[in-house]
Structure formats: C-alpha cells, structure tokens
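First residue of the sequence shown? That's 1 in the UniProt record's numbering, and the numbers climb one at a time after it.
Don't be surprised by glycine CBs; every beta carbon is placed ideally from N, CA and C.
Inspection log for the structure reproduced underneath, given as structure tokens.
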Amino acid sequence: MAGRPAVLLVHGAWHGAWCWEPLKALLVGEGLRVETVALPSVAPVGAVRYGLHDDAKAVREAISAIGGPVVVVAHSYGGEPATEGAAGLAEVQRVIYVAAFLLDVGESLLKAIGGTPPPWWQIDGETFRPLTPETVFFNDVDDPADAVRRLQTQSYAVATEELTAAAWRTIDSTYVVCENDNAIPVFAQEAMAQRAGSVERLASGHSPFLSCPEALAAVITKSSG
C-alpha cells in the first residue's frame, strides 16, 4: 500500500472522533493510515464555545500534521470546516463529502437550509442539540443507544458563520449521497453534489460509518488510489 495517501476523518455536529471507530478499523485493515480530528465546536455543557473558523483551523492543522498526501473525508456539518480548512493545501488529493454540507464562500449552514432551523433542532442560547437523534441520525443503526449517549452540545455559531474558502473549487471531490437520510434530504444532497467531481450513492441513513461501514470503506478505498 506504499504511496497511498493517508485518510483524515472529520466528524459532524454533536459527534466526535468516536463515531469513526468501526470505519477506521476497516480502513486500517486495508493498509491505509487513518487520522481523526476533534472539532472544538463540539464540547460538553459549560465549555468555551468555538465556531466554524476554529473548526476549519483544527482541520488545517490536522492535515499539516500528517505530513504528506491526504484524502479528507467529511460527514454532515464536517463538510464545512473541511471545505475551508483544506483550501489551498497541495497535499490534499481529494475531499469526500458523506451526506455533508458542500458549500461555497459566503454560504452558511443556516443559509443552506433556507434560513429556518429544522424542527428537530433545540436551540439553547449559544448551543443547540438534536431532539430526536435516534431517528434523525441513526434510523438504520441496529442499536443507536450508545451513539445517542455520546453526543455532546454544539456551538450555534457554526450555523451562522460563513465560509471564507472552498477547497472543492481547486481540489478533486466526491459526494456520497445517503439515500435514506432523515437529517439532510436526498434532494438537498443531490443539489450540493452537483459541485463535486464525482458522486457515489449508499442505501443508508445519515450515519453510514455506523450502519454500513463496509460499504463506506469501499467508497473511500476506491477514491484513495
């Protein structure tokens, strides 16, 4: 497997690097170097709050720490800091968006969903949380209880801050449409996927890294050379 790029996994809102554990094990089994990044905007109740640009900085630093070619895999909200953080970095060979927000400069998460928060968001001042994660995120996960338990509060700033750079404009990209997603409707994924260089599809809910990690690993392995 010499010469293949490393893989950097970027989690979405409310999640952490823990969500990638089954997928990471499969990719490592394929001989890939796999790293994760913890986005600072996800933190326990009472923690200091960070936003999109702080997350993008964390992604950029994680890419630089790898020290060689890398494929960035981003899920859901994680598509935003990956898009900004990877911009202009020659070592990034591809960005893979997994049911992710593939946005452009000047766009924000809230703008992308029409300016109105969905009914499953509970906004609590500087933070927000999902009201029904078991059905929105994990509808096809056999036992979602542990994943639900591990979710943390999310800084609301990530919903309103706008992107300042867009990696997909100069770096190859792939969009993975999750066809049974209850968080980001398929039509919205397909609209964003038009910005990507290639499109893959999975018959999964919003979290294929937990519900069908083998299928997602196959997509990533194929896209990693």
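Given that a residue counts as buried once 16 or more other Cβ atoms are within 10 Å of its Cβ, and exposed if not, what is G12? buried
Check the C-beta distance from A157 over to L52 and give it rounded, since I have them as a contact under 8 angstroms. 7 angstroms
Between the CA atoms of V105 and V136 - distance to the nearest angstrom: 28 angstroms
Skipping 5 residues on each side, what residues in its chain have a beta carbon closer than 8 angstroms to that of residue 245? It is not possible to answer for residue 245, since the shown part of the chain is limited to 1 through 225.
Assuming G46 and D140 form a contact by the criterion Cβ under 8 angstroms, report the distance between their Cβ atoms to the nearest whole angstrom. Going by Cβ atoms, the distance from G46 to D140 rounds to 33 angstroms, so no, they are not a contact pair.
Mind checking whether A159 and L110 have CB atoms under 8 angstroms apart? yes
Pick from A188, D181, V92 and D146 that is closest to W168, judged by C-alpha positions: V92
Report the option in P144, G125, D124 and A74 whose CA atom is closest to the CA atom of T132. P144
Between which two residues does the alpha helix (DSSP H) carrying A90 extend? No alpha helix (DSSP H) holds A90; DSSP gives it neither H nor E.
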